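Residue numbers (my numbering), protein chains in the order written: chain W, 2 to 384; chain S, 84 to 567. Idealized CB from N, CA, C, for every residue including glycine. Values in this document were obtained by computation on a predicted structure and should not be read as measured data. What follows is a set of notes on a single structure, which appears directly below.
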Amino acid sequence: MDTSLAELRERVIAAHESRRPVRLQGAGTKDFYAADAEPPAQSVRAPTAPAVPPLVVDLRSYRGISGYEPSELVITARCGTPLAEIESALAEQRQFLAFEPPAFGAGDSTIGGVVAAGLSGPRRVYAGAARDFVLGTVLLDAHGEILHFGGQVMKNVAGFDVSRLLCGSLGILGIITEVSLKVLPRPRREETLRFEMPAAEAITSFNRWSGQPFPISGAAWCDGIAWLRLSGAASAVSAARERLGGERVDPQSALQWWNALRHCTHPVFNSTTLWRLSVPDTTPPLDLPGQPLIDWGGALRWYPAASDDDTNHAAGALDSTGTPRPRALASAAGGTAMCWKGVAPPGGRFHPLQPTVATLHRRLKDRFDPHGIFNPGRLIAGL
Amino acid sequence: MRQTEVAGALRQILPAESVLARDEELRPYECDGLTAFRQKPMVVVLPRTEDEVRQVLVTCRRLEVPVVARGAGTGLSGGSTPHESGVLLCLARLNRILEVDPIARIARLQPGVRNLQVSEAAAEHGLYYAPDPSSQIACSIGGNVAENSGGVHCLKYGLTVHNVLGIRGFTIEGELVELGGRAPDRPGLDLLALVIGSEGLLLVVTEVIVKLIPRPQLARVVMASFSDVRHAGEAVAAIIANGIIPAGLEMMDRKATAAVEPFVKAGYDLEAEAILLAEADGTPEEVSEQIAEIEAVMRKAGATSLVCSSSEAERLRFWSGRKNAFPAAGRISPDYYCMDGTIPRKNLGPMLAAIEAMEERYSLRCMNVFHAGDGNLHPLILFDANIPGEWERADRFGAEILELCVRLGGTITGEHGVGIEKINSMCVQFSASERTTFFTIKAAFDPPGLLNPGKAIPTLARCAEYGKMHVRGGALPHADVPRF
Numbered sequence: 002m003d004t005s006l007a008e009l010r011e012r013v014i015a016a017h018e019s020r021r022p023v024r025l026q027g028a029g030t031k032d033f034y035a036a037d038a039e040p041p042a043q044s045v046r047a048p049t050a051p052a053v054p055p056l057v058v059d060l061r062s063y064r065g066i067s068g069y070e071p072s073e074l075v076i077t078a079r080c081g082t083p084l085a086e087i088e089s090a091l092a093e094q095r096q097f098l099a100f101e102p103p104a105f106g107a108g109d110s111t112i113g114g115v116v117a118a119g120l121s122g123p124r125r126v127y128a129g130a131a132r133d134f135v136l137g138t139v140l141l142d143a144h145g146e147i148l149h150f151g152g153q154v155m156k157n158v159a160g161f162d163v164s165r166l167l168c169g170s171l172g173i174l175g176i177i178t179e180v181s182l183k184v185l186p187r188p189r190r191e192e193t194l195r196f197e198m199p200a201a202e203a204i205t206s207f208n209r210w211s212g213q214p215f216p217i218s219g220a221a222w223c224d225g226i227a228w229l230r231l232s233g234a235a236s237a238v239s240a241a242r243e244r245l246g247g248e249r250v251d252p253q254s255a256l257q258w259w260n261a262l263r264h265c266t267h268p269v270f271n272s273t274t275l276w277r278l279s280v281p282d283t284t285p286p287l288d289l290p291g292q293p294l295i296d297w298g299g300a301l302r303w304y305p306a307a308s309d310d311d312t313n314h315a316a317g318a319l320d321s322t323g324t325p326r327p328r329a330l331a332s333a334a335g336g337t338a339m340c341w342k343g344v345a346p347p348g349g350r351f352h353p354l355q356p357t358v359a360t361l362h363r364r365l366k367d368r369f370d371p372h373g374i375f376n377p378g379r380l381i382a383g384l
Numbered sequence: 084m085r086q087t088e089v090a091g092a093l094r095q096i097l098p099a100e101s102v103l104a105r106d107e108e109l110r111p112y113e114c115d116g117l118t119a120f121r122q123k124p125m126v127v128v129l130p131r132t133e134d135e136v137r138q139v140l141v142t143c144r145r146l147e148v149p150v151v152a153r154g155a156g157t158g159l160s161g162g163s164t165p166h167e168s169g170v171l172l173c174l175a176r177l178n179r180i181l182e183v184d185p186i187a188r189i190a191r192l193q194p195g196v197r198n199l200q201v202s203e204a205a206a207e208h209g210l211y212y213a214p215d216p217s218s219q220i221a222c223s224i225g226g227n228v229a230e231n232s233g234g235v236h237c238l239k240y241g242l243t244v245h246n247v248l249g250i251r252g253f254t255i256e257g258e259l260v261e262l263g264g265r266a267p268d269r270p271g272l273d274l275l276a277l278v279i280g281s282e283g284l285l286l287v288v289t290e291v292i293v294k295l296i297p298r299p300q301l302a303r304v305v306m307a308s309f310s311d312v313r314h315a316g317e318a319v320a321a322i323i324a325n326g327i328i329p330a331g332l333e334m335m336d337r338k339a340t341a342a343v344e345p346f347v348k349a350g351y352d353l354e355a356e357a358i359l360l361a362e363a364d365g366t367p368e369e370v371s372e373q374i375a376e377i378e379a380v381m382r383k384a385g386a387t388s389l390v391c392s393s394s395e396a397e398r399l400r401f402w403s404g405r406k407n408a409f410p411a412a413g414r415i416s417p418d419y420y421c422m423d424g425t426i427p428r429k430n431l432g433p434m435l436a437a438i439e440a441m442e443e444r445y446s447l448r449c450m451n452v453f454h455a456g457d458g459n460l461h462p463l464i465l466f467d468a469n470i471p472g473e474w475e476r477a478d479r480f481g482a483e484i485l486e487l488c489v490r491l492g493g494t495i496t497g498e499h500g501v502g503i504e505k506i507n508s509m510c511v512q513f514s515a516s517e518r519t520t521f522f523t524i525k526a527a528f529d530p531p532g533l534l535n536p537g538k539a540i541p542t543l544a545r546c547a548e549y550g551k552m553h554v555r556g557g558a559l560p561h562a563d564v565p566r567f
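As structure tokens, then:
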């Protein structure tokens, strides 16, 4: 066993035995993405029993691409490997991670963090989400066991799909020490079109276009402009462009636009309060103040606070049941709402789970991590 | 008598004709597509509504009766082989398409809807449901969810897990669970991905929301002959290395083409050691661009002849042989045993050589059909169950192929599931601790262990008996765990 993995294992076993909580840490680019991102004030805890500060386990030293064969469309890397290192290895072979994971402007996000968070960029509804590209994982569990799930092949139905369960688990079930991801060839041609239209028309258009065989790989709207990205064979892209019309965007500006969405660096992310709503893509514009940024062909809606100095949840005003309005509207549309930035609202930062689903989460957590050492509270408050 | 008690309790909640308990009524349910394993269930129930399903589960939980869910019964791994003292919960009557929304491009289905029916219902909107297992005329969407079914187009369009947006189902306790849905990326753990492919061990699914996608304007298939199987394998790798993801990429060896050609007259080259079928789909311009590239790569890899379909009828004819490979095997041999391992594509050559050596060793013939694009193999071992010893040899032959798949960096099942058929091979692929983790997941969903018990995950005792304790890195994992 690799020294650093052996060392990691010893620390986990010690933490498990002493019941010491462990905070798993990569580059820290997603520290804000947590149910407990703003921990309650000290006074909530019993003053006589100060909580044990969690042991921070930095996973960045366990790094390196352990296998990459372009013709197999699979890359395997240790959790601490920087996303940038993986993307440049893939770029050399004209391949890429089609789920476009966000790096939040910094280049040092780790692949372990990418998979643990399970976040995906603008291509998500066309190419698939992070979890769709996870083929295999190695998990270091609370007992110090090193467990292999899935593998390096595209089709694998042996045993439960634990690898996909771990994608988006935010480390609460154990340490994802290595991942195998499906990669794809870079599209031969990519073009972006712009259309001036209001949000409602953009949502209708995105849905109509998605029902036709156009090679769409991104559809977003902001400030009265709909942006549509086409990717694929040169002939397919130009045929679609001719049928769709719109104004061609120069490649540099197009790249900037999609990167700003992917990495969450668009100006909307400067707002002090920001809600992230995931809804069915046909949902009409929601009755919330402020101009949204719409992505994923209508399925993802970012709602900032109405003005810069509005820290009082203007978009997040509570309805008569005490539910923040974005959450109530998202639920009514069949979706969910997360408070991405700002003061955590009643009910928590992440959208609450249905009771039966919450029960399954508790049972899984209890069984994977009986002493609750891994990232307590990170995915679900109190878990 | 237990059967009388259970059937009586179920008749309290279901109409009498929905509960079968007489011997001649139970007989048709004694196996699924894996006919080598037969077991008569104690009782069969045929609920018509979601609420009847819930009540069956609550009743079975109360009486502590095992429940095996079944769709169309086309599964190839014995996933719905009945339990001798259990209830077979047949979901075939929940067969309504609840909704097709062409704008949102989704369909909401009851589990008994047949796979092909979904695409038929969506066709008028120019949409279809992508996963297309060979049994798609008959197999049900609920069964597809249980097995995470694939098909010949999953290299480009994904498996069931990539095409299902949400499910509704019930735990053995009768609790409703809704996972996923029309809005992407629900918070919390991805239990939807966990349930898909869980072989009926976690939940009973009563509703499925699937994604519909636009039907490509055109599809054409290239058929290429190779004088050496290894060249065909290299052609597959070269196509992908060239940045092409064909809609389908299939290989058949000489024994397979010889078996199917007289049967379907697909026009296969019987002199070739292997043929490849590579399909391109999309706009007409895109298809011609891709076909030209595929042909160039294949020629470079040593293809001895190339034919491209020039009409839809011809395309379907080229595919007909591939789609009929299993029936053809049944035509040239009294019985056949279909394997389903997956290996990294680069190992196709060594794998085929090894299978050839095994044919000699077990004195049985084996024809090979592959989803070459994703490394999923379907060797069909031919045998005659009436000749003493042949089934046992076929069984060992199959197990050896699967062990080799694991050694070559692959898996024992790519799309058919473990069921009871490959349960011993699970001991080779997973360590005791990994299998223990699977049981902990099972226990979280199904604490009394009543949903499809004995399938998919072998107990430690079973693996000890199989004598293949998986040793990794020279140390026996979980050395302190009692081998119960």
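The three-state reading of DSSP puts residue 80 of chain W in coil, since its state is none of H, G, I, E or B. When secondary structure is reduced to three states using DSSP, residue 351 of chain S falls in the coil class, being assigned neither helix nor strand.
Around the C-beta of residue 470 of chain S, fewer than 16 other C-beta atoms lie within 10 Å, and the residue is accordingly described as exposed. Relative to the Cα of residue 528 of chain S, the nearest Cα in the group S:541, S:286, S:535 and S:239 belongs to S:286. Counting C-beta atoms within 10 angstroms of its own C-beta, residue 64 of chain W has 16 or more neighbours from the protein chains shown and is therefore classed as buried.
Look at the beta carbons and you see the stretch 494-513 of chain S not touching the stretch 122-142 of chain W: under three pairs across the two are nearer than 8 Å. Annotation: the continuous alpha helix (DSSP H) that includes residue 488 of chain S extends over 473-490. In this structure, residue 206 of chain S keeps its C-beta atom at 9 Å or more from the C-beta atom of residue 303 of chain S. Taking a cut-off of 8 Å on C-beta distances, the stretch 256-264 of chain S does not touch the stretch 299-319 of chain S, as fewer than three cross pairs fall below it. Straight through space, the alpha carbons of residue 466 of chain S and residue 325 of chain S are spaced by roughly 40 Å.
Rounded to the nearest angstrom, the Cβ distance from residue 81 of chain W to residue 102 of chain W is 15 Å, too far for a contact under 8 Å.
Taking the Cβ atoms as the reference, residue 31 of chain W lies roughly 6 Å from residue 114 of chain W, within the contact range of under 8 Å. In the three-state reduction of the DSSP assignment, residue 334 of chain W falls in the coil class.
Chain S places a beta carbon closer than 9 Å to that of residue 215 of chain W, counting this residue as a contact. For a cut-off of 8 Å, the C-beta gap from residue 116 of chain S to residue 154 of chain S is around 11 Å, too long to register as a contact.
Along the stretch 184-208 of chain W, going in chain order, the ones with a CB nearer than 8 Å to a CB of chain S are 185, 186, 187, 189 and 208. The stretch 413-422 of chain S makes no contact with the stretch 381-391 of chain S: fewer than 3 CB pairs, one atom from each, lie closer than 8 Å. At a beta-carbon threshold of 7 Å, none of the residues of chain W lie near residue 434 of chain S; the nearest stands roughly 12 Å away. In this structure, DSSP gives residue 418 of chain S an extended state, which the three-state scheme calls strand. Residue 306 of chain W carries a coil assignment under DSSP once its states are collapsed to helix, strand and coil. For residue 441 of chain S, the enclosing alpha helix (DSSP H) begins and ends at 431-445. Positions of the beta strand (DSSP E) runs, each at least 3 residues long and wholly inside the stretch 166-206 of chain W, are given as 176-183 and 190-197 in order along the chain. One alpha carbon belongs to residue 225 of chain W, the other to residue 200 of chain W, and they sit about 7 Å apart.
Taking 7 Å as the upper bound on Cβ-Cβ separation, chain W lies near residues 520, 521, 523, 524, 526, 527 and 528 of the stretch 518-538 of chain S.
Taking a cut-off of 8 Å on C-beta distances, the stretch 402-419 of chain S does not touch the stretch 278-295 of chain S, as fewer than three cross pairs fall below it. Taking a cut-off of 8 Å on C-beta distances, the stretch 155-173 of chain W touches the stretch 265-278 of chain S, as three or more cross pairs fall below it. The straight-line gap separating the alpha-carbon atoms of residue 240 of chain W and residue 289 of chain W is approximately 38 Å. In this structure, W:273 is the residue among W:273, W:5, W:68 and W:26 with its C-alpha nearest to the C-alpha of residue 344 of chain W.
Residue pairing of residue 375 of chain W in beta bridges, as defined by DSSP: W:23. If you ignore the 5 residues before and after residue 175 of chain S, its C-beta comes within less than 6 Å of the C-beta of 195, all in its own chain and listed in chain order. Comparing alpha-carbon positions, the option among S:348, S:395, S:255 and S:374 lying closest to residue 138 of chain S turns out to be S:255.
Cα atoms of residue 25 of chain W and residue 79 of chain W: separation of roughly 14 Å, rounded to the nearest angstrom. Residue-level contact by beta carbon holds for residue 283 of chain W and chain S, with a gap shorter than 9 Å. For residue 96 of chain W, the beta-bridge partners assigned by DSSP are W:186. Distances from the CA of residue 448 of chain S to each of S:265, S:208, S:334 and S:476 were compared; the closest alpha carbon is that of S:476. Using a Cβ-Cβ cut-off of 9 Å, residue 427 of chain S counts as an interface residue toward chain W, since at least one Cβ of chain W sits closer than that to its own.
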